[in-house]
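K.L.:
Let me begin by handing over the structure; questions about it come next.
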Amino acid sequence: MAIGRSVKRVDAVAKVTGRARYTDDFFIPGMLAARYLRSTIAHGRVKKIDTRRAASLPGVEAVFTYEDVPRNKFATAGHPYSLDAAHKDVADRLLLTRHVRYWGDEIAVAVAENDLILQEALKLIEIEYEAYEPLVTLEASLAKGAREIHVGSKNVIGESHYAVGGKIQDALAGADVVLEGRYQTQICQHCHIENHIAYAYMDDLEHIVVVSSTQIPHIARRIVGEALGLPWGRIRVIKPYIGGGFGAKQDVILEPMVAFLTMKLGGRPVKIDLSREECMIATRTRHPFEVKMRAGANKDGTLVALDMDVLSNTGAYASHGHSVAGAAGAKARSLYPRAAMRYHARTVYTNLPTAGAMRAYGAPQLEFALDCIIEEAARKIGMDPVEFRIKNVARQGDADPLSGERFESCGLVECLQRGKQLIRWDEKRAALAKRRPGPVRRGLGVACFSYASGTYPVCMEIAGARMILNQDGSLHVQVGATEIGQGLDTIVAQMAAETIGIPFEDVHVVSTQDTDVAPFDTGAYASRQAYVTSNAVFRAARELKARILEHAGRVSGILGGELDILDGAIVHRGDASRKVVSLREVALDAYYDKQRGGQLTAEVSHKTCTNAPTFGCTFVEVEVDVPLCKVQIKEIYNVHDSGVILHPAMARGQVQGGAAMGIAAGLYEEMLIDPKTGRIYNNNFLDYKIPTVVDVPDIGCEFIETYEPTSGYGNKALGEPPIISPPPAIRNAIWDATGVQINELPMTPHRLYRYFKEAGLL
Amino acid sequence: MFNFKSYVKADSIQEAIGFLERDPEAHLIAGGTDVLVKLHKAKGQFSHLIDIHDIAELNFITRNDEGDLIIGPLSCFTSVAESTLIRKYIPILSEAILTIGGPQVRNMATIGGNLCNGVPSADSATPLMALNAVVSIEGSHGLRQMPLEDFFLGPSRVALEHHEILTAITVTRDNYTGYCGHFFKYAMRNAMDIATIGCSALCKVEDDILTDLRLAYGVAAPVPIRCKSTEDNVRGRRISSELLDDIGQAVINDVRPRTSWRAARDFRLQIIATLAHRVVKQAIMNAGGTIQ
Numbered sequence: 002m003a004i005g006r007s008v009k010r011v012d013a014v015a016k017v018t019g020r021a022r023y024t025d026d027f028f029i030p031g032m033l034a035a036r037y038l039r040s041t042i043a044h045g046r047v048k049k050i051d052t053r054r055a056a057s058l059p060g061v062e063a064v065f066t067y068e069d070v071p072r073n074k075f076a077t078a079g080h081p082y083s084l085d086a087a088h089k090d091v092a093d094r095l096l097l098t099r100h101v102r103y104w105g106d107e108i109a110v111a112v113a114e115n116d117l118i119l120q121e122a123l124k125l126i127e128i129e130y131e132a133y134e135p136l137v138t139l140e141a142s143l144a145k146g147a148r149e150i151h152v153g154s155k156n157v158i159g160e161s162h163y164a165v166g167g168k169i170q171d172a173l174a175g176a177d178v179v180l181e182g183r184y185q186t187q188i189c190q191h192c193h194i195e196n197h198i199a200y201a202y203m204d205d206l207e208h209i210v211v212v213s214s215t216q217i218p219h220i221a222r223r224i225v226g227e228a229l230g231l232p233w234g235r236i237r238v239i240k241p242y243i244g245g246g247f248g249a250k251q252d253v254i255l256e257p258m259v260a261f262l263t264m265k266l267g268g269r270p271v272k273i274d275l276s277r278e279e280c281m282i283a284t285r286t287r288h289p290f291e292v293k294m295r296a297g298a299n300k301d302g303t304l305v306a307l308d309m310d311v312l313s314n315t316g317a318y319a320s321h322g323h324s325v326a327g328a329a330g331a332k333a334r335s336l337y338p339r340a341a342m343r344y345h346a347r348t349v350y351t352n353l354p355t356a357g358a359m360r361a362y363g364a365p366q367l368e369f370a371l372d373c374i375i376e377e378a379a380r381k382i383g384m385d386p387v388e389f390r391i392k393n394v395a396r397q398g399d400a401d402p403l404s405g406e407r408f409e410s411c412g413l414v415e416c417l418q419r420g421k422q423l424i425r426w427d428e429k430r431a432a433l434a435k436r437r438p439g440p441v442r443r444g445l446g447v448a449c450f451s452y453a454s455g456t457y458p459v460c461m462e463i464a465g466a467r468m469i470l471n472q473d474g475s476l477h478v479q480v481g482a483t484e485i486g487q488g489l490d491t492i493v494a495q496m497a498a499e500t501i502g503i504p505f506e507d508v509h510v511v512s513t514q515d516t517d518v519a520p521f522d523t524g525a526y527a528s529r530q531a532y533v534t535s536n537a538v539f540r541a542a543r544e545l546k547a548r549i550l551e552h553a554g555r556v557s558g559i560l561g562g563e564l565d566i567l568d569g570a571i572v573h574r575g576d577a578s579r580k581v582v583s584l585r586e587v588a589l590d591a592y593y594d595k596q597r598g599g600q601l602t603a604e605v606s607h608k609t610c611t612n613a614p615t616f617g618c619t620f621v622e623v624e625v626d627v628p629l630c631k632v633q634i635k636e637i638y639n640v641h642d643s644g645v646i647l648h649p650a651m652a653r654g655q656v657q658g659g660a661a662m663g664i665a666a667g668l669y670e671e672m673l674i675d676p677k678t679g680r681i682y683n684n685n686f687l688d689y690k691i692p693t694v695v696d697v698p699d700i701g702c703e704f705i706e707t708y709e710p711t712s713g714y715g716n717k718a719l720g721e722p723p724i725i726s727p728p729p730a731i732r733n734a735i736w737d738a739t740g741v742q743i744n745e746l747p748m749t750p751h752r753l754y755r756y757f758k759e760a761g762l763l
Numbered sequence: 005m006f007n008f009k010s011y012v013k014a015d016s017i018q019e020a021i022g023f024l025e026r027d028p029e030a031h032l033i034a035g036g037t038d039v040l041v042k043l044h045k046a047k048g049q050f051s052h053l054i055d056i057h058d059i060a061e062l063n064f065i066t067r068n069d070e071g072d073l074i075i076g077p078l079s080c081f082t083s084v085a086e087s088t089l090i091r092k093y094i095p096i097l098s099e100a101i102l103t104i105g106g107p108q109v110r111n112m113a114t115i116g117g118n119l120c121n122g123v124p125s126a127d128s129a130t131p132l133m134a135l136n137a138v139v140s141i142e143g144s145h146g147l148r149q150m151p152l153e154d155f156f157l158g159p160s161r162v163a164l165e166h167h168e169i170l171t172a173i174t175v176t177r178d179n180y181t182g183y184c185g186h187f188f189k190y191a192m193r194n195a196m197d198i199a200t201i202g203c204s205a206l207c208k209v210e211d212d213i214l215t216d217l218r219l220a221y222g223v224a225a226p227v228p229i230r231c232k233s234t235e236d237n238v239r240g241r242r243i244s245s246e247l248l249d250d251i252g253q254a255v256i257n258d259v260r261p262r263t264s265w266r267a268a269r270d271f272r273l274q275i276i277a278t279l280a281h282r283v284v285k286q287a288i289m290n291a292g293g294t295i296q
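Structure (structure tokens):
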């Protein structure tokens, strides 16, 4: 049995020994380098540009500007294509722009023998701007008469709303207590280790090959085709190992440009390797949200109403645009499905770096606001915050009040109960209640979340799996889903081994996705792959197993239906100890017996039409040093219901990595912007403060294992969720410790100072 | 890739001075942890390099017959922090240095480079200033010495002529004997960070009297500074919690922090005052004092 065991990752040795190949490890003789000329204003228009001096610098192959690129506006979001025009991603980009929309916008691109020549070449480009007022805030962008960042947009890219559970006004009017609050989240960075990098070349006169550090090779192929106005079949995208993405590579960023450049240069290989500084301004960020909330609760602890109003800041270009705020809203319904709820969201263009997909896709922003007001409601009616949540959160058998989809598995109440035990909630609260406040204070906090296991019913969810029984009885598996460090290849091998009945070690997973070869799958995002891909892998494995048994029947003379596969051997179904024939013998026979032989393979493309909600919570104890405005986490636990845990060690790794990223978003990380110019102050790792190994505490992690019947192996999403609940849990613990409610992120010393000062603590 | 235009390697102080005299655009590079960052940002003025990393006569830590400690400026942070002499006689310097960067940075970065880079956040500067360290400077006109305090002229400006090199950092015996200290770096994270405020306190305690206090701050002014008026006001006073409160109040008049996008002035003042209280308290306790 391979499922549920912490087997050795299939890529462990390759990665630990440094043999795994990433995009930059491939080299083609004659490869050229390219670099963007980036704007030094945040908003305006290029009046004049002169590239002649740069182009004539020895070693420079070409310089292109906005005048040279195709006129096809394209969208970059890594979503499946939509046949519904109203649901299509907003196509608001060209490869290069004359209209500057953020500090660092891409005006021209130079190609040269190497990067040093490029640095010199870019300095020689003469440029004259007409500068406009940078619209850095939502207020400025939405102000009457504000210049449109994209003509015709009114600076609003999308708007949506829903209402469930009756009239919100009535629910609020009938509630015993009504709370109101405003909350603000920050711009965060993904901080994947491998920066964005891609190169392209042509092997013939028609096809363009793009090698890229991407989460979404099949989507990238389509978008390159759209951007260049080429049939999609002429584009081939190859994804080798990648050094993390967290959503920043669920977007098409460099691929269309390198494809364009190789086409312009007669098929010569051209590479763009962004620096960290570029990556931090010119790829993607997390949308900051401004959330207005109202909540109504009754004295008996029932949450009766939630009214949510979101303004999401998408920056200069659409990317995932309004989808993020839309998706965030859906998560509230699966968390508190029995309350009356209204959700309204608008997404706004500003002259900031472009926001896109980032781990948990809007949920951390909304959940922060939600858990702030839930905490306040609990305290207002005088109920223990954990008990209040337990009383109101989703339970098995509840349904999404909008879609009517039933929650087949839900262990959130158990998660909350377990977390409470782990942190010794009651005991510590009793002790804290007796303590006199000094300069250094302790507090306890809790927060919980719901998330999804894919994008259905908003997007099409296809996954493909192909299996080939090799001559030696081992198995090759190819999926379209992508390994991006999360361990997908290992999980796929476990699934195949489990269903067919062969040893895990006999499963070989093809890690690279090449859109010319790999089965179709839209890629790594929405925590979907282990859930959606499991359905394809399970079916392909089941089909292959049936074929193997059928052939084993021919070989052994025993009816296939009376046989089974156990640990790589064909055995009697009723008596596993009776070995009939080895899998290797069956495989050799299938490949080489001229009469009854025939290759044993299976290929399945499966469309998943369910989406299991996944749940969890964070419990935290903090110590707040009031005069130094510092928060130290003394204990923290994430408890998750992600269905069946397929690989406990990797699952813990996901939780610890995600919770650490949550702690970072709660206490450390934010992009800082000059409000006057729109220039980014801290696009480097000295000034953008990722916590280090000595800042992140030990993170306790447990699972409440439920069984989710809609997935192949009972599992649900786990990739993104661990990041969601740490920030509000920490915030609630700070409130518990100091009596001060911090309603914005991150809760850095600078911000705490301001709040503590206002509260009279300093 | 770095875009530097010339590179020479010096094997002695005299050779390095010679290279400096010949190239008015040249910059010295030792551990490279500051210079390479500047090169990475493609600052043209750092494209002529004289590598002094391997000048053996500048890499030493000794205690002479008079008991003075002398540190060669090319000593890397790791060797200073781990030196038995430093840990025995001026442990505050070791404490401060161990807050810099991470192990890899401390293996490369040199103490002389940290001082000559001249930034107000230099973590090795405040403990050395509290110790009344003196720097030796050699150039084409010979050798001169000055208190470290006078060496810092402004942000990224130190009292070195173009042809001059820092050759030694000296802490005389009388400046450490009988003193105990404490260092605290206040930053946004606990490693790999630049100080928001750095604070060094050195004190002498006799019979519950604070007979001497030396208090130095980083990032509290355009250069690392000593809080002389505070020190003068409290010298000779009896140790008490009121004394600590007074020190916390008094330092505000000695410092000149500014608002930048990294931190606001009022926030820095809050930290400065809190650290005055806490760091001096710890220094007094290290010196055997008790606070009523």
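From first to last, the protein sequence lines stand for chains X and W. In terms of our numbering, the first sequence is residues 2 to 763. In terms of our numbering, the second sequence is residues 5 to 296. The beta-carbon is built from N, C-alpha and C at its ideal position, and this holds for glycine as well.
Does the beta-carbon of X:C774 have 16 or more other beta-carbons within 10 angstroms, so that it is buried, or is it exposed?
P.N.:
Nothing can be reported for residue 774 of chain X: it is not among the residues displayed for chain X, which extend from 2 to 763.
K.L.:
Determine the chain W residues that contact X:K690 at a beta-carbon separation under 8 Å, and present them in chain order.
P.N.:
The residue labelled residue 690 of chain X in the question sits at position 689 within the first sequence. Residues of chain W passing the Cβ test: M192, R193, D197.
K.L.:
Between the C-alpha atoms of X:G644 and X:G554, what's the straight-line distance to the nearest angstrom?
P.N.:
For the purposes of this step, residue 644 of chain X is taken as residue 643 along the first sequence, with counting starting at 1. For the purposes of this step, residue 554 of chain X is taken as residue 553 along the first sequence, with counting starting at 1. Their backbone Cα atoms lie some 36 Å apart in a straight line.
K.L.:
Output, in chain order, the set of chain W residues within a Cβ distance shorter than 9 Å of X:D274.
P.N.:
As a first step, residue 274 of chain X must be located in the first sequence, where it is residue number 273. What X:D274 touches in chain W: nothing, since even the nearest Cβ is about 11 Å away.
K.L.:
Tell me the rounded alpha-carbon separation between W:I1 and W:A126.
P.N.:
Chain W is shown only over 5 to 296; residue 1 of chain W falls outside these bounds and no answer can be derived.
K.L.:
At a CB-CB cut-off below 7 Å, which residues of chain W make contact with X:D38?
P.N.:
Here residue 38 of chain X is taken as the residue at index 37 of the first sequence, counted from 1. It is worth fixing the name first, because residue 38 of chain X is Leu in this sequence and not Asp. Per Cβ cutoff of 7 Å: no residues; X:L38 is ~14 Å from chain W at best.
K.L.:
Nearest chain W C-beta to X:Q120 closer than 8 Å, yes or no?
P.N.:
Your numbering for residue 120 of chain X matches position 119 in the first sequence. X:Q120 counts as touching chain W.
K.L.:
Judging by CA-CA distance, which residue of X:V137, X:A370, X:F27 is the nearest neighbour of X:D274?
P.N.:
As a working mapping, residue 274 of chain X is identified with position 273 in the first sequence. Considering only alpha carbons, the answer is X:F27.
K.L.:
Helix, strand or coil, according to DSSP, for W:P151 in the structure here?
P.N.:
Mapped onto the second sequence, residue 151 of chain W falls at position 147. Looking at W:P151 - three-state DSSP - the assignment turns out to be strand.
K.L.:
Put X:V211 into one of helix, strand or coil per three-state DSSP.
P.N.:
Here residue 211 of chain X corresponds to residue number 210 of the first sequence, with the count starting at 1. Here X:V211 sits in strand by DSSP.
K.L.:
If contact means a Cβ-Cβ distance below 9 Å, which residues of the region 267–284 of chain W contact chain X?
P.N.:
Listed in sequence order: A267, A268, D270, F271, Q274, I275, A277, T278, L279, H281, R282.
K.L.:
With distances taken Cα to Cα, identify the nearest neighbour of X:V538 among X:A527, X:V582, X:A464.
P.N.:
Locating residue 538 of chain X in the first sequence gives position 537, counting from the first residue. Residue X:A464 is the option with its Cα nearest to X:V538.
K.L.:
Would you mind reading off the limits of the beta strand (DSSP E) that contains W:I75?
P.N.:
Taking the second sequence and counting its residues from 1, one reaches residue 75 of chain W at position 71. Residues 73–75.
K.L.:
Check the Cβ-Cβ distances between W:N7 and every residue of chain X, and say whether any is below 8 Å.
P.N.:
Against the second sequence, residue 7 of chain W aligns to sequence position 3. Closer than 8 Å: yes.
K.L.:
Helix, strand or coil: which one does DSSP assign to W:F81?
P.N.:
Here residue 81 of chain W corresponds to residue number 77 of the second sequence, with the count starting at 1. The answer is helix: DSSP assigns W:F81 an H, G or I state.
K.L.:
Is the Cβ-Cβ distance between X:V447 and X:N733 less than 8 Å?
P.N.:
Taking the first residue of the first sequence as position 1, residue 447 of chain X is located at position 446. Taking the first residue of the first sequence as position 1, residue 733 of chain X is located at position 732. Yes.
K.L.:
Using only the alpha-carbon positions, how far apart do X:G99 and X:E279 sit?
P.N.:
As a working mapping, residue 99 of chain X is identified with position 98 in the first sequence. As a working mapping, residue 279 of chain X is identified with position 278 in the first sequence. A quick correction: the sequence has Arg, not Gly, at residue 99 of chain X. Roughly 19 Å separates the two Cα atoms.
K.L.:
With contact counted as at least three CB pairs below 8 Å, one residue from each stretch, are the region 195–212 of chain X and the region 252–272 of chain X in contact?
P.N.:
As far as the Cβ criterion goes, the region 195–212 of chain X touches the region 252–272 of chain X, which means the pair count is three or higher.
K.L.:
Using a Cβ-Cβ cut-off of 8 Å, state whether X:D473 counts as contacting chain W.
P.N.:
Locating residue 473 of chain X in the first sequence gives position 472, counting from the first residue. It does not; no Cβ of chain W falls within 8 Å.
K.L.:
Just reading off the alpha helix (DSSP H) that W:E246 is part of, what are its end residues?
P.N.:
Reading the second sequence from its first residue, position 242 is the one you call residue 246 of chain W. Residues 245–254.
K.L.:
Compare the C-beta of X:L763 with all C-beta atoms of chain W and state if any pair is closer than 8 Å.
P.N.:
Taking the first sequence and counting its residues from 1, the one referred to as residue 763 of chain X is at position 762. Yes, contact with chain W.
K.L.:
Grab me the residues of W:I4's own chain with a C-beta within less than 6 Å of its C-beta, minus the 5 sequence neighbours each way, in chain order.
P.N.:
Because chain W is modelled from 5 through 296, residue 4 of chain W falls outside the range shown and cannot be assessed.
K.L.:
So X:Q596 is in the beta strand (DSSP E); what residue range does that whole segment cover?
P.N.:
Translated into positions along the first sequence, residue 596 of chain X becomes position 595. Per DSSP, X:Q596 belongs to no beta strand (DSSP E) and is neither H nor E.
K.L.:
Please state if the CB of X:S451 and the CB of X:F616 are separated by a distance shorter than 8 Å.
P.N.:
Position 615 of the first sequence, counted from the start, is the residue given in the question as residue 616 of chain X. Position 450 of the first sequence, counted from the start, is the residue given in the question as residue 451 of chain X. Closer than 8 Å, so yes.
K.L.:
Rounded to a whole number of angstroms, what is the C-alpha to C-alpha distance between X:A113 and X:R54?
P.N.:
Here residue 113 of chain X corresponds to residue number 112 of the first sequence, with the count starting at 1. Here residue 54 of chain X corresponds to residue number 53 of the first sequence, with the count starting at 1. Roughly 14 Å separates the two Cα atoms.
K.L.:
Between W:A220, W:I74, W:V139, which has its C-alpha nearest W:A280's C-alpha?
P.N.:
Against the second sequence, residue 280 of chain W aligns to sequence position 276. The shortest Cα separation from W:A280 among W:A220, W:I74, W:V139 belongs to W:A220.
K.L.:
Ends of the alpha helix (DSSP H) at W:F23?
P.N.:
Taking the first residue of the second sequence as position 1, residue 23 of chain W is located at position 19. Taken as a continuous stretch (DSSP letters only), the alpha helix (DSSP H) holding W:F23 covers 17–26.
K.L.:
Would you report the Cα separation of X:G297 and X:A172, rounded to the nearest angstrom?
P.N.:
For the purposes of this step, residue 297 of chain X is taken as the residue at position 296 of the first sequence. For the purposes of this step, residue 172 of chain X is taken as the residue at position 171 of the first sequence. Approximately 7 Å between the Cα atoms of the pair.
K.L.:
In the DSSP assignment, what residue or residues form a beta bridge with X:D737?
P.N.:
Position 736 of the first sequence holds residue 737 of chain X. For X:D737, which the question treats as bridged, DSSP gives no partner whatsoever.
K.L.:
Mapping the DSSP letters down to three states, classify X:V689 as helix, strand or coil.
P.N.:
Translated into positions along the first sequence, residue 689 of chain X becomes position 688. Before going on, a small fix: residue 689 of chain X reads as Tyr here, not Val. Residue state, collapsed to three classes: coil.
K.L.:
Assuming W:C80 and W:A113 make a contact with CB atoms under 8 Å, what is their CB distance in whole Å?
P.N.:
If you number the second sequence from 1, residue 80 of chain W lands on position 76. If you number the second sequence from 1, residue 113 of chain W lands on position 109. Sure, about 6 Å apart at Cβ, within 8 Å.
K.L.:
X:G79 and X:V253 look like a contact to me (Cβ under 8 Å); what is the Cβ gap, rounded to whole Å?
P.N.:
Residue mapping note: residue 79 of chain X aligns to position 78 of the first sequence, counting from 1. Residue mapping note: residue 253 of chain X aligns to position 252 of the first sequence, counting from 1. Sure, about 7 Å apart at Cβ, within 8 Å.
K.L.:
Under a Cβ-count criterion, where at least 16 other Cβ atoms within 10 Å of its own Cβ denotes burial, should W:E25 be classed as buried or exposed?
P.N.:
To locate residue 25 of chain W, count along the second sequence from 1; it is residue 21. Label assigned to W:E25: exposed.
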